[in-house]
Amino acid sequence: MSFLQHYQRRVLFVLNFSLNFPILSKKSSLFSRMKIETVEKGIPNTPDFRLFFRSENGLISPFHDIPLYSNVKDKIFNMVVEIPRWTNAKMEINLNEPLNPIKQDIKKGNLRYVANVFPHHGYIWNYGALPQTWENPDETDAHTGQKGDGDPIDVLEIGERIAKRGEIIQVKALGVIGLIDEGQTDWKIIAINVNDPNAAKLNDVADIETHFPGYLKATNEWFKIYKIPDGKPENVFALNGEAKNREFAHKVIEETNQQVVETDQGRSQC
145 MSFLQHYQRR VLFVLNFSLN FPILSKKSSL FSRMKIETVE KGIPNTPDFR
195 LFFRSENGLI SPFHDIPLYS NVKDKIFNMV VEIPRWTNAK MEINLNEPLN
245 PIKQDIKKGN LRYVANVFPH HGYIWNYGAL PQTWENPDET DAHTGQKGDG
295 DPIDVLEIGE RIAKRGEIIQ VKALGVIGLI DEGQTDWKII AINVNDPNAA
345 KLNDVADIET HFPGYLKATN EWFKIYKIPD GKPENVFALN GEAKNREFAH
395 KVIEETNQQV VETDQGRSQC
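In this text, residue positions in the sequence shown follow this note's numbering: the first is 145, and each later residue adds one.
Structural data, given as structure tokens:
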């Protein structure tokens, strides 16, 4: 499904759904005053499970209605947590459903779980996405030479606290790794919660190795091998697997955000 078709489906859904629930208009200025809560529908670990987002004004989309930036000047971003650290269920914001709830990914009719690949247990970071970013599957990424995977950009939050699924946390980007996942560009922003006790001493990718020695190596190893138990080959990396610095990470975030902006502008002119 194209990004434009996804938007059109969302508009049609809003027109019908608003008879029962008010839908929040997308205005970033409102977000700082919002109280966001999650609403579960269905039973976890089943295909029907959905995690919706709701403000005091009604249901919202975590992709469209939560702004990318929490603080533009300081480059603090809003991260939507999809997968808490040490868990195994592959959860993601679903761009193909109205209001983009978090659901468990399904492949070949089966719910997806990542295996525990020694010495790792589940996901080794709080894993999530940056709203209003998109890796375009129809355009070749200038840095990787591969097209995007059609998803929001992923975030690996390395702070001490285990976050909750659906939590919106404010993070600063420290670096970025370019994964080529089954032939598609899949950027991984390495970030830390600004409220983490270690946040003040982590400001760029080099600080990770200084204060968390081995974490970057473990991250590369995890992404390289995590699909092997599913019978797939090792993943490969762009940029020789190098974790690029904060400035490069900001550039990647801005580029993927621009993909959303340009598509939205094109839609409004139709």
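Note that beta-carbon positions come from the ideal geometry of N, C-alpha and C, so glycine has one too. Just so we're clear, the structure is a prediction, and the values are computed from it rather than from any experiment.
Minimum Cα-Cα distance from D249 among the listed residues D285, N189, G303 corresponds to N189. The three-state reading of DSSP puts E279 in coil, since its state is none of H, G, I, E or B. The beta carbon of P341 sits closer than 7 Å to those of E304, all from its chain and outside the five residues before and after it, given in chain order.
Of the residues E378, A307, V258, the one whose Cα lies closest to the Cα of K368 is E378. Here the alpha carbon of P211 sits roughly 7 Å from the alpha carbon of Q276.
In this structure, the CA atom of G186 is about 26 Å from the CA atom of N222.
Taking every protein chain shown into account, the CB of V349 has 16 or more other CB atoms within 10 angstroms, so this residue is buried.
The C-beta distance from G319 to I372 rounds to 25 Å, too long to fall under 8 Å, and the pair is not in contact.
A distance of 8 Å or more separates the beta carbons of T363 and I297. Excluding sequence positions up to five before and after F193, its CB lies within less than 8 Å of the CB of E184, K185, G186, I187, K247, Q248, all in the same chain and listed in chain order. Beta-bridge partners assigned by DSSP to Y257: A233.
Separation of the CB atoms of L203 and L243 is rounded to 6 Å, and the pair is thereby assigned contact status at 8 Å. Inside the segment 317-383, DSSP marks whole beta strand (DSSP E) runs of 3 or more residues at positions 328-337, from first to last along the chain.
The C-beta distance from T329 to G294 rounds to 10 Å, too long to meet the 8 Å contact threshold. Pairing G289 with N201, the inter-Cα distance amounts to about 42 Å. DSSP, read as helix, strand or coil, puts Q403 in helix. Taking 8 Å as the cut-off, the beta carbon of P191 is found closer than this to the beta carbon of L255.
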